Each structure stands twice: as structure tokens, then as C-alpha cells.
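Engineer: Sharing a structure with you now.
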């Protein structure tokens with residue numbers, strides 16, 4: 533089954 | 004200090020209603036240009052980004068930038084004390100410990116005022132890169148809400164496929180499977196019923212339906228919603244507001 537991705541990889545902390 | 008008046012309390016009530024399942028505590032950032040918010044859910048799966056430009060308010064004044072750390076549940080309780088059609092005024096000092104929320108009901112000649120205790124919210128601010136999306140689909144909010152609700156009765160996740168023929172939502176769960184296909188259409192008499200598909204390349208991604216149903220709480224804010232998808236990037240679900248927007252980003256499911 534597919535695993536839920538996270539946003540951290542896409543958006544960088546400013 | 005901040006002084007911001009909305010003609011109808013319903014706007015802020017609906018905005019807060021649409022984020023309260025995702026975010027517990029957040030900072031409302033008030034500046035000369037308006038009110039904004041960016042917050043992620045605890046599991047870092049979804050992010051909400053709100054902009055309410057100053058022209059969206061009847062009156063708006065903010066001399067210097069103020070950060071209002073708010074418990075969303077507490078704000079919801081206070082907003083429930085006002086009527087949808089009440090005029091709403093938010094007030095805060097430059098270094099506030101409370102946010103004043105005033106409701107005016109001109110018909111009943113009733114004025115009520117509540118003070119919400121503010122808090123320090125330690126929050127990371129994320130940079131949202133400009134993304135060239137492979138596909139953008141604009142559709143009636145009610146349609147999107149219905150699809151998210153119906154498919155969630157069958158499964159926890161939905162596969163969204165966009166190609167030049169249209170957009171397909173499909174799911175496969177324990178009790179069975181379902182799919183909905185929407186083809187591009189334009190309705191001149193009722194433009195809010197139109198379905199617009201812009202596509203650079205076909206895209207297929209899977210998402211958690213629980214979050215999509217949370218986002219759909221924003222349906223009362225706009226007649227149309229836009230979904231933007233690209234590669235394995237987060238899905239963007241956007242509702243336009245008077246002089247602003249509320250955007251939800253949702254990380255896709257990976258692999259199968």
C-alpha cells in the first residue's frame with residue numbers, strides 16, 4: 533500500500 | 004495597533020471553521036497589507052496558507068506588524084458567540100496579550116465584545132516555492148465536496164488522474180471501488196458550474212481523503228475551487244476569497 537508523504541521535503545523552513 | 008472590520012462575521016467564522024481540523028495553534032500575522040496565516044498540521048502532511056488583503060475588510064488599520072498567537076479552538080468558541088450577519092471588529096494593541104472581538108447586530112441594536120487570550124506560538128515558517136503545475140482543474144466547490152465525501156465512505160485514499168479528457172477521482176476500499184469522471188464544460192449562464200481543465204502533461208497522484216474532507220469545510224467561502232497537481236509535489240487546493248485566498252497543500256501518498 534502507498535505510504536503517506538510529508539511536506540518537509542517540498543517546503544523549506546525559512 | 005490593529006483594527007479590522009468585516010461587514011459579515013460569517014467570513015471569519017467560515018475561515019476558522021475550515022482550518023480548525025488541521026491546525027490547533029497558529030499565528031495570525033497582521034500587517035499594513037492585511038491578515039495572513041501559514042500553518043502546518045502536527046504530522047506535517049498538510050499546510051494551510053491564508054491571505055485576507057486589507058481591501059477585503061470594510062475598515063482596516065494596522066500601524067505595525069503584529070503576530071497574534073491564537074488557539075484555533077478558543078477562537079472558534081468566541082466566533083460562535085456572534086451571528087453570521089453581525090459586523091465583526093478585531094482589535095489588538097501593538098504587543099497584545101488579548102485579541103478583542105466585537106460583534107454588532109444593527110437590527111437588534113446589540114453589541115457584544117469578547118477578549119481572546121493570546122499565546123506564544125512557536126511556529127516554523129515554510130517557504131512555498133513557485134511551482135509549475137502539470138495540471139489545474141477548477142470546478143464547483145459543492146462538486147468537489149460531494150466527491151470527497153462519497154469516496155471517503157469507501158476508502159481512506161483517492162487517486163486523482165488528470166488528462167486532456169478531464170479529471171477522474173477513483174478509490175478502492177474494503178467494501179468496493181468507485182470512480183467519478185468530470186469532463187471540461189463551460190456554463191455561460193452559470194459560470195460557477197463550469198469545469199475548467201488546464202493541462203501541461205497528464206498527472207496521477209493519490210491523496211488522503213480525510214484531509215481533502217477537512218479542506219472542503221472551506222466550501223462556503225467560494226463557488227469554485229482549483230486543484231493544482233504536479234509530479235510528486237503537494238496538491239494545492241485553492242479557494243478564492245474577496246481580496247485573498249485560502250490555500251491548502253497536501254503531501255501525496257508515495258509508491259504502491
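Chains as they are written, first to last, in this note's numbering: chain A, 533 to 546; chain B, 4 to 259. Every residue gets a Cβ at the ideal spot worked out from N, C-alpha and C, and that includes glycine. Fair warning: this is a prediction, and the values are worked out from it, not measured in the lab.
Counting pairs of beta carbons, one from the stretch 191-198 of chain B and one from the stretch 119-129 of chain B, are three or more of them closer than 8 Å?
Structural biologist: No: the two stretches stay apart, fewer than three of their Cβ pairs being nearer than 8 Å.
Engineer: Can you give, in chain order, each stretch of the alpha helix (DSSP H) that sits fully within the stretch 122-189 of chain B and has at least 4 residues?
Structural biologist: Whole alpha helix (DSSP H) segments, 4+ residues: 144-155.
Engineer: To the nearest angstrom, how far is it from the Cα of residue 177 of chain B to the Cα of residue 159 of chain B?
Structural biologist: Using only the alpha carbons, I get a separation of about 10 Å.
Engineer: What residue does the alpha helix (DSSP H) around residue 20 of chain B start on, and which one ends it?
Structural biologist: Unbroken alpha helix (DSSP H) run through residue 20 of chain B: 12-22.
Engineer: Does the Cβ of residue 229 of chain B have 16 or more other Cβ atoms within 10 Å, making it buried, or fewer, making it exposed?
Structural biologist: Flag for residue 229 of chain B reads buried.
Engineer: If distances are taken between C-alpha atoms only, which option among B:90, B:103, B:133 comes closest to residue 112 of chain B?
Structural biologist: The candidate whose alpha carbon is nearest that of residue 112 of chain B is B:90.
Engineer: Residues of the stretch 240-259 of chain B in Cβ contact with chain A at a cutoff of 8 Å, in chain order, please.
Structural biologist: Per Cβ criterion, the list reads 252, 254, 255, 256, 257, 258, 259.
Engineer: Give a yes or no on whether the C-beta atoms belonging to residue 231 of chain B and residue 139 of chain B are separated by under 7 Å.
Structural biologist: Taking 7 Å as the Cβ cut-off, residue 231 of chain B and residue 139 of chain B qualify as a contacting pair.
Engineer: Between residue 131 of chain B and chain A, is any beta-carbon pair separated by less than 7 Å?
Structural biologist: Chain A, which has a Cβ nearer than 7 Å to the Cβ of residue 131 of chain B, makes this yes.
Engineer: Kindly indicate which residue of B:165, B:166, B:171, B:167 has the alpha-carbon position closest to the one of residue 154 of chain B.
Structural biologist: Among B:165, B:166, B:171, B:167, the Cα nearest to that of residue 154 of chain B belongs to B:171.
Engineer: Measure the beta-carbon distance from residue 234 of chain B to residue 137 of chain B and round it to whole angstroms, keeping in mind my assumption that it falls under 8 Å.
Structural biologist: Contact flag correct, Cβ pair sits at about 7 Å.
Engineer: For the alpha helix (DSSP H) containing residue 75 of chain B, name the first residue and the last one.
Structural biologist: First-last of the alpha helix (DSSP H) with residue 75 of chain B: 75-82.
Engineer: So residue 30 of chain B and residue 126 of chain B are supposed to be a Cβ contact under 8 Å. How far apart are they, rounded?
Structural biologist: The Cβ separation is near 6 Å, so the contact holds.
Engineer: How should residue 250 of chain B be labelled, buried or exposed, when 16 other C-beta atoms within 10 angstroms of its C-beta is the threshold for buried?
Structural biologist: Buried, since its Cβ has 16 or more Cβ neighbours within 10 Å.
Engineer: Give the residues of chain A in contact with residue 236 of chain B, contact being defined as C-beta atoms less than 8 Å apart.
Structural biologist: Per Cβ cutoff of 8 Å: 542.
Engineer: Quick one: which unbroken alpha helix (DSSP H) runs of 4-plus residues sit fully inside the stretch 39-101 of chain B? Chain order, please.
Structural biologist: 75-82, all fully within the stretch 39-101 of chain B.
Engineer: Between residue 74 of chain B and residue 27 of chain B, how many whole angstroms is the CB-CB distance? I'm expecting something under 8 Å.
Structural biologist: Yes, they are in contact, since the Cβ atoms of residue 74 of chain B and residue 27 of chain B sit about 7 Å apart, within 8 Å.
Engineer: Which partner residues of residue 5 of chain B appear in the DSSP bridge assignment?
Structural biologist: B:65, B:95.
Engineer: Can you tell me which of the three DSSP states residue 536 of chain A falls into?
Structural biologist: Residue 536 of chain A: strand per DSSP, three-state reduction.
Engineer: Where does residue 204 of chain B fall in DSSP's three states?
Structural biologist: Residue state, collapsed to three classes: coil.
Engineer: Could you tell me which of B:254, B:92, B:69, B:219 sits nearest to residue 146 of chain B, measuring between CA atoms?
Structural biologist: Closest option to residue 146 of chain B, Cα to Cα, is B:219.
Engineer: Can you list, in chain order, the residues of the stretch 45-59 of chain B whose Cβ is nearer than 8 Å to any Cβ on chain D?
Structural biologist: Among the protein chains of the structure shown, namely A and B, there is no chain D.
Engineer: Could you compute how far the alpha carbon of residue 242 of chain B sits from the alpha carbon of residue 223 of chain B?
Structural biologist: Their Cα atoms are separated by approximately 10 Å.
Engineer: If we cut at 7 Å on Cβ distances, does residue 127 of chain B have a partner in chain A?
Structural biologist: Residue 127 of chain B counts as touching chain A.
Engineer: Nearest CA to the CA of residue 81 of chain B: which residue from B:71, B:117, B:64, B:96?
Structural biologist: The shortest C-alpha separation from residue 81 of chain B is found at B:117.
Engineer: Between residue 139 of chain B and chain A, is the shortest Cβ-Cβ distance under 7 Å, so that the two count as touching?
Structural biologist: Residue 139 of chain B does not count as touching chain A.
Engineer: Taking the alpha-carbon positions, what's the residue 236 of chain B to residue 540 of chain A distance?
Structural biologist: Spanning the two alpha carbons is a distance of roughly 11 Å.
Engineer: Excluding sequence positions up to five away, which residues of its chain have a Cβ less than 7 Å from the Cβ of residue 34 of chain B?
Structural biologist: These residues qualify, in order along the chain: 65, 68.
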